[in-house]
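Colleague: Plus 1083 on top of the position in the sequence shown (first one is 1) and you've got our numbering. I have a structure I would like to understand better, so I am pasting it below and will then ask my questions one at a time.
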Amino acid sequence: MPALGSQRRLLGSLNCTPPATLPFILAPNQTGPQCLEVSIPDGLFLSLGLVSLVENVLVVAAIAKNRNLHSPMYYFICCLAVSDLLVSVSNVLETAVMLLLEAGVLATQAAVVQQLDNVIDVLICGSMVSSLCFLGAIAVDRYISIFYALRYHSVVTLPRAWRIIAAIWVASILTSLLFITYYNHKVILLCLVGFFIAMLALMAVLYVHMLARACQHARGIARLQKRQRPIHQGFGLKGAATLTILLGVFFLCWGPFFLHLSLIVLCPQHPTCGCIFKNFNLFLALIICNAIVDPLIYAFRSQELRKTLQEVLQCSW
């Protein structure tokens, strides 16, 4: 768990490896004075993690309380909240343990710290993979609800939803164990990067297709009402803005982290890549920010969920 320099580590085994063998760290004279390193204070990590923790706990509590929300769509949203919750908890726990070790408050054997670090790393990696998977599952669920509306309830049934959820969690755990065990194999890193690109492409294709169908529907309504331009343009701009925000947040929050993984494979010793490696803390902070934004995009826009959330906050269980 002890950080090397100012860099927080995703992989516990990397944390305990001498700096000279790490592709994440370059000597100062390799990176040059032109490097820009964004410092992320530990207090900011804790604050972002706690905000995400509270936010996602409220989403899970609201869905658990209201039986009207016990549907496949909301179960996927609930699992996304749990994944984001684990991302926040694992990062808060790692930061807290690091601070306690540095302050000398927590004194334990190196082997114990290594085991704890491995557990946290598996938790972080697994929650990241599951979060991406559930984002994709939500996109597919919304696509089916629009293009196969009449068959939706026969296609997306609760038993199928539970099987999909179980499969995602099992796959996430196995993937994280594989990643932690074989982190130094370039194929593993490339597979993770490929997985991110696949999720980004899936979401982009599905949401763009949904926007096109919605605009087509709006044009049909406009022709019936003989007001084609005002309705179509207004709806199209609003839909495009929503799509830009949804995909933009996803790419902005997750892209830098997977760029980091890509550069480890492509140019581990290049000075320019070394400058990017120095901002690994920032990339993790962006992922935590994504865990804060996800409920705003996928959960709190539901009027039913907001109403239940108010009841939860008023302790009216």
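Here a beta-carbon is modelled for each residue, glycine too, at the ideal position from N, C-alpha and C.
(1) Can you grab the Cα-Cα spacing for the pair G1048 / F1279, in whole Å?
(2) When DSSP labels each residue in this structure, what does I1160 get in the three-state scheme?
(3) Return helix, strand or coil for V1239, following the three-state DSSP convention.
(4) Mind checking H1292: buried by the 16 CB within 10 Å criterion, or exposed?
(5) Under 7 Å Cβ to Cβ from E1120, same chain only, skipping five residues before and after it: list those, please.
(6) Roughly how many whole angstroms lie between the Cα atoms of H1353 and C1118?
(7) CB I1371 to CB N1174, shorter than 7 Å?
(8) The alpha helix (DSSP H) that contains N1373, what's its start and end?
(9) Can you find the residues in the same chain that come closer than 7 Å, C-beta to C-beta, to R1225, ignoring five residues on each side of it along the sequence?
(10) What would DSSP say about N1151, mapped onto helix, strand or coil?
(11) Taking buried to mean at least 16 other C-beta atoms within 10 Å of its own C-beta, is F1472 buried or exposed?
(12) Whole angstroms is fine: what's the gap from A1254's alpha carbon to N1364's?
(13) Three or more C-beta pairs under 8 Å: does that hold for the segment 1154-1164 against the segment 1205-1219?
(14) Apply the 10 Å Cβ neighbour rule to F1341 and answer buried if 16 or more other Cβ atoms are within range, or exposed otherwise.
(15) Would you decide whether I1328 is buried or exposed? Buried here means 16 or more other CB atoms lie within 10 Å of its CB.
(16) Taking its Cβ as the centre, do 16 or more other Cβ atoms sit within 10 Å of F1230, making it buried, or is it exposed?
(17) Could you pull out every residue in the same chain whose Cβ sits closer than 6 Å to the Cβ of A1244, ignoring the five residues on either side in sequence?
(18) Does the separation of the CB atoms of F1262 and I1271 fall below 7 Å?
(19) Check whether the segment 1198-1205 touches the segment 1134-1154, taking contact to mean three or more Cβ pairs, one atom from each stretch, closer than 8 Å.
(20) Report the residue from A1147, V1288, L1326 whose alpha carbon sits nearest the alpha carbon of E1387.
(21) Would DSSP call I1248 helix, strand or coil?
(22) Which residues in the same chain as A1249 place their Cβ atom closer than 6 Å to its Cβ, once the five residues preceding and following it in sequence are excluded?
(23) State the Cα-Cα distance for the pair E1185 and V1196, rounded to the nearest angstrom.
(24) Could you check if H1268 is buried or exposed, using at least 16 other CB atoms within 10 Å of its CB as the buried criterion?
(25) Whole angstroms are fine: how far does the CA of T1325 sit from the CA of A1295?
(26) Mapping DSSP to helix, strand and coil, what is G1338?
(27) I'd like the list of long-range same chain contacts for A1220, defined as Cβ closer than 6 Å, with 5 residues on each side in sequence excluded.
(28) Taking the straight line between their C-alpha atoms, what separation do you get for T1104 and Y1266?
(29) According to DSSP, is L1169 helix, strand or coil?
(30) Given this structure, state the Cα-to-Cα distance separating R1302 from M1282, to the nearest angstrom.
(31) Please list the terminal residues of the continuous alpha helix (DSSP H) segment that includes G1187.
(32) Inspect the beta-carbon positions of I1227 and V1238 and report whether they are closer than 7 Å.
Modeller: In this structure, then:
(1) A query on residue 1048 cannot be resolved here, the shown segment of the chain reaching from 1084 to 1400 and no further.
(2) helix
(3) coil
(4) exposed
(5) K1361, N1362
(6) 12 Å
(7) yes
(8) 1363-1377
(9) M1293
(10) helix
(11) Because the chain here runs from 1084 to 1400, residue 1472 falls outside it and cannot be looked at.
(12) 26 Å
(13) yes
(14) buried
(15) exposed
(16) exposed
(17) P1155, Y1158
(18) yes
(19) no
(20) A1147
(21) helix
(22) none
(23) 13 Å
(24) exposed
(25) 13 Å
(26) helix
(27) F1159
(28) Note on T1104: pLDDT 32, under 50, position unreliable in the model; the coordinate value appears next. In a straight line, the C-alpha of T1104 is about 13 Å away from that of Y1266.
(29) helix
(30) 30 Å
(31) Segment: none, G1187 is in no alpha helix (DSSP H) and carries neither H nor E.
(32) yes
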